[in-house]
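Participant: Pasting in a structure now, in structure tokens, and then I'll have a few things to ask.
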Amino acid sequence: MSDSVLVVGGGPAGLSAAHALASAGIKVDLVEKADILGGAPILSGYAKLVPSGEWAKDAIGSMVDRVVANPNIKVHLNSVVQTFDGKPGKFDAVLKNGTKIKAGATVLCTGFTHFDSVNKPEWGFGRFPDVVTTTQVEQMISSGKGVRRPSNGEKPKRVAILLCVGSRDRQIGREWCSKICCSVSANLAMEIREELPDCHVYIYYMDIRTFGLLETKYYWRSQEEFKVKYIKARIAEVTGRDGQVLVKGEDTLVKRPISIP
Numbered sequence: 000m001s002d003s004v005l006v007v008g009g010g011p012a013g014l015s016a017a018h019a020l021a022s023a024g025i026k027v028d029l030v031e032k033a034d035i036l037g038g039a040p041i042l043s044g045y046a047k048l049v050p051s052g053e054w055a056k057d058a059i060g061s062m063v064d065r066v067v068a069n070p071n072i073k074v075h076l077n078s079v080v081q082t083f084d085g086k087p088g089k090f091d092a093v094l095k096n097g098t099k100i101k102a103g104a105t106v107l108c109t110g111f112t113h114f115d116s117v118n119k120p121e122w123g124f125g126r127f128p129d130v131v132t133t134t135q136v137e138q139m140i141s142s143g144k145g146v147r148r149p150s151n152g153e154k155p156k157r158v159a160i161l162l163c164v165g166s167r168d169r170q171i172g173r174e175w176c177s178k179i180c181c182s183v184s185a186n187l188a189m190e191i192r193e194e195l196p197d198c199h200v201y202i203y204y205m206d207i208r209t210f211g212l213l214e215t216k217y218y219w220r221s222q223e224e225f226k227v228k229y230i231k232a233r234i235a236e237v238t239g240r241d242g243q244v245l246v247k248g249e250d251t252l253v254k255r256p257i258s259i260p
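Quick look at the structure:
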């Protein structure tokens, strides 16, 4: 039986698990397929995190630092588990580079992938340069370059944030709510307004699901302090006209069609 633990994945969950185990005196092998630790917040260039409000590079950076500095943790970068066998208390893993690891337990923290908005072609991503994902806007902010229109590099005067892209959608087999996107979008809207106070920001939603205390911190604050406008709607399509993006759908409160440049 081995007293060590194998942790697969070097994102926030893997970093947290490795640190907790190592702090209890347990030897840990942390395996990460990328060449750096940090997972999606670092690899995808997130800006401020929800709900802490910390910059991703600072919050995740401190988690990485304490893991790297812990003598009980051995980090394996650019590595994936090639084979895995054994039973509880006695697992044998072989990494792709041939490194052999014996572990008494294994923690899988393999993360997630972002929804590819190309799978919702009616909303214009991949066809119109100024239709971007949340992650792309996060990258604009975290890079320090600011929010700009990819088509011409100019500051946008109006921004429409469309919720539930890739969730609550039976057509693509994803009927569940992500539970975090409403709060993330409200946070992003506030960041845009903070950088571009003259920019009008609209959030188009089916329902707002800012769970728990996030309602006050994000939903109400974004409206009252940052003047973000919320419109209950069902978006039918996003098209382009004269170099502008055009959002078409229905305002479901007043039951009338909408067309927003």
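Following numbering that gives the first Met the number 0 from start to finish, the sequence shown increments by one per residue and tops out at 260. Ideal Cβ placement from N, Cα and C applies to all residues, glycine included.
Taking the alpha carbon of PHE210 as the point to measure from, which residue in TYR203, LYS228, CYS180, VAL200 has its own alpha carbon closest?
Facilitator: The shortest Cα separation from PHE210 among TYR203, LYS228, CYS180, VAL200 belongs to CYS180.
Participant: Expressed to the nearest angstrom, what Euclidean distance is found between the alpha-carbon atoms of VAL67 and LEU36?
Facilitator: About 9 Å.
Participant: When you compare the CB positions of ALA46 and GLU137, do they come within less than 7 Å of one another, or not?
Facilitator: Contact: yes.
Participant: Could you work out which residue in ILE160, GLY242, GLU236 is closest to GLN258 when comparing CA atoms only?
Facilitator: The residue asked about is misnamed: residue 258 is Ser in this sequence, not Gln. If we check each option's Cα against that of SER258, GLU236 comes out closest.
Participant: Report the option in SER141, GLN135, ALA159 whose CA atom is closest to the CA atom of PRO149.
Facilitator: Per the Cα distances, GLN135.
Participant: Helix, strand or coil for PRO256 per DSSP?
Facilitator: Here PRO256 sits in strand by DSSP.
Participant: With a threshold of 8 Å, are at least 3 pairs of Cβ atoms found where one atom belongs to the segment 20-34 and the other to the segment 69-82?
Facilitator: Judged by Cβ distances under 8 Å, the segment 20-34 makes contact with the segment 69-82, as three or more pairs qualify.
Participant: Looking at the strands, I want to know which residues DSSP matches up with THR238.
Facilitator: THR238 is bridged to LEU245.
Participant: If I measure Cβ to Cβ from PRO11 and keep anything under 7 Å in the same chain, skipping five residues before and after, which residues do I get?
Facilitator: The residues are GLY38, PRO40, ILE59, MET62.
Participant: Within this structure, are the beta carbons of PRO256 and GLU249 separated by less than 7 Å?
Facilitator: In this structure, GLU249 lies closer than 7 Å to PRO256 by Cβ.
Participant: The beta strand (DSSP E) that contains GLN81, what's its start and end?
Facilitator: Run containing GLN81: 80-86, per the beta strand (DSSP E) assignment.
Participant: What did DSSP end up calling TRP122 once you bin it into helix, strand or coil?
Facilitator: Of the three classes helix, strand and coil, the one that applies to TRP122 here is helix, per DSSP.
Participant: What residue range does the alpha helix (DSSP H) around ARG220 cover?
Facilitator: Residues 220-223.
Participant: Among all the DSSP beta bridges, which residues are the ones paired with ALA92?
Facilitator: Bridge partners of ALA92: PHE83, ILE100.
Participant: Around the Cβ of ARG192, are there at least 16 other Cβ atoms within 10 angstroms (buried) or fewer (exposed)?
Facilitator: So ARG192 counts as buried.
Participant: Does the separation of the CB atoms of LEU5 and ILE72 fall below 7 Å?
Facilitator: Result no, Cβ atoms of LEU5 and ILE72 do not sit closer than 7 Å.
Participant: Report the rounded CA-to-CA distance for GLY24 versus SER15, giving the unit in angstroms.
Facilitator: Computed Cα separation, rounded: 15 Å.
Participant: Rounding to the nearest angstrom, what Cα-Cα distance links LEU213 and LEU161 in this structure?
Facilitator: Approximately 19 Å, taken between the alpha carbons.
Participant: How far does the beta strand (DSSP E) with VAL136 in it extend, from its first residue to its last?
Facilitator: No beta strand (DSSP E) holds VAL136; the alpha helix (DSSP H) holding it covers 133-141.
Participant: Using three-state DSSP, classify THR105 as helix, strand or coil.
Facilitator: Three-state DSSP puts THR105 in a strand.
Participant: Check the DSSP bridge columns for ASP28 and list the partner residues they point to.
Facilitator: Partner(s): LEU5, LYS73.
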